[in-house]
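Working notes for the structure below.
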């Protein structure tokens, strides 16, 4: 029974119990969630900084995705250029055999040229996620069409050797992607690179030479393919430099995101061991409050006199 003499103590104990109960409840939630608070308002002055850090974290992740997609495209390009390099090297060996051995009619140059041209077309018409990689900004258009009526690489043979880019269906716009807050990378190559034109025209010359047993045209094909080999190697170096830029940007983003995430964790997350220890202390206090309140409520004049 609550008496006037014990009212003040009773009220004080109940206030302390409510406070301790709230602390126990709060720490229980903290331990289960791993967070200091479930609402920004409870983080007081750190709220604005936390929101900015979380925004930076999301933005850094987006830059990482941009870099990842760009790097994938460049890696496909480089891989295709590597294949083209191998094919040119093999064909040069066959052409050189035809030139040195005076046995041009014994080597199936027409077959070699037709096969390589089909493969070359497929390599430059490579796609990733529905985008043609070598078409510039016209990513929905195959860059190479050797059936275009305007494309006539054998025109003027055997004596006239003129560059012909009419196979190209794309544009001259290089793609770009934002890789950092203040950095945009212009990347990739287009299908009208001189090295590509030289390969395709060189194959037309090889085919003509094989069909017509023309050593002079075969020699021009050899010279053209040799030049294209150097050009493709330069393109591979260009892509390699762009990949290096992406790798550097990735390393910076990883480092910054680690810093941001650690800072966010320092604001939001709790020390589980410390919180568990504090919870145990609060529970002991709460239990003691229950016992004290019970004792106060049991006090009567008879008990007091005794």
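In the numbering used here, the protein residues as written are -9 to 296. We put the CB at the ideal spot given by N, CA and C, even for glycine.
For residue 104 and residue 176, the gap between their C-alpha atoms comes out near 34 Å. Assignment of residue 166 by DSSP, reduced to helix, strand and coil, places it in the strand class. Residue 201 and residue 63 have their alpha carbons spaced roughly 38 Å apart. Taken in chain order, the unbroken stretches of alpha helix (DSSP H) that lie wholly in the stretch 66 to 153 and span 4 residues or more are 99 to 114.
Taking C-alpha positions only, residue 93 is separated from residue 238 by approximately 52 Å. Take residue 243, set aside five residues on each side of it, and the residues of its chain with a beta-carbon closer than 8 Å to its own are 50, 53, 54, 57, 170, in chain order.
When the five nearest sequence neighbours on each side are left out, the beta carbons in the same chain lying within less than 6 Å of the beta carbon of residue 107 are those of 193, in order along the chain. Leaving aside the five residues that flank residue 183 on each side, the residues in its chain whose CB is nearer than 8 Å to its CB run, in chain order, 221, 225. In the DSSP secondary-structure assignment, residue 176 is bridged to 166. Taking C-alpha positions only, residue 41 is separated from residue 240 by approximately 23 Å.
For residue 181, same chain residues with a beta-carbon under 6 Å away, outside a window of 5 residues either side, are 114, 124, 133, 134, 158, 160 in chain order. Between residue 111 and residue 74, the beta carbon gap of about 11 Å keeps them out of contact (Cβ cut-off 8 Å).
Fewer than three pairs of CB atoms, one per stretch, sit closer than 8 Å, so the stretch 76 to 90 makes no contact with the stretch 149 to 156. Take the alpha-carbon of residue 186 and the one of residue 140: they are about 17 Å apart. Counting every other CB atom within 10 Å of its CB across the protein chains shown gives residue 96 a total below 16, marking it as exposed. For residue 155, no alpha helix (DSSP H) encloses it, and the DSSP letter there is neither H nor E. In the displayed model, residue 51 falls within a helix according to three-state DSSP. A residue is called buried once 16 or more other Cβ atoms fall within 10 Å of its Cβ, and residue 191 is buried on that count. With contacts defined by Cβ atoms closer than 8 Å, residue 208 and residue 48 do not form a contacting pair. For residue 197, the enclosing alpha helix (DSSP H) has its first and last residue at 184 to 202. The same chain holds no residue with a CB closer than 8 Å to that of residue 69 once the five nearest residues on each side in sequence are set aside. As the crow flies, the alpha-carbon of residue 218 is around 53 Å from that of residue 253. In the assembly as shown, residue 173 is an exposed residue. Its beta-carbon has fewer than 16 other beta-carbons within 10 Å. Of the candidates 65, 198, 203, the residue whose Cα lies closest to the Cα of residue 142 is 198. Judged by DSSP in its simplified three-state form, residue 181 adopts coil rather than helix or strand.
A residue is called buried when at least 16 other Cβ atoms come within 10 angstroms of its Cβ; residue 101 does not meet this threshold and is exposed.
Residue burial is scored here from C-beta neighbours: residue 248 has fewer than 16 other C-beta atoms within 10 angstroms and is therefore classed as exposed.
Taking a C-beta distance under 8 Å as the contact criterion, residue 43 and residue 250 qualify as a contact pair. Around the C-beta of residue 88, 16 or more other C-beta atoms lie within 10 Å, and the residue is accordingly described as buried. Burial check for residue 232: the Cβ neighbour count within 10 Å reaches 16 or more, so the residue is buried. Excluding the 5 residues flanking it on each side, residue 67 has same chain C-beta neighbours closer than 7 Å at 123, 178, 179, 229, in chain order. The beta carbons of residue 82 and residue 212 sit about 7 Å from each other, so the pair counts as a contact at 8 Å.
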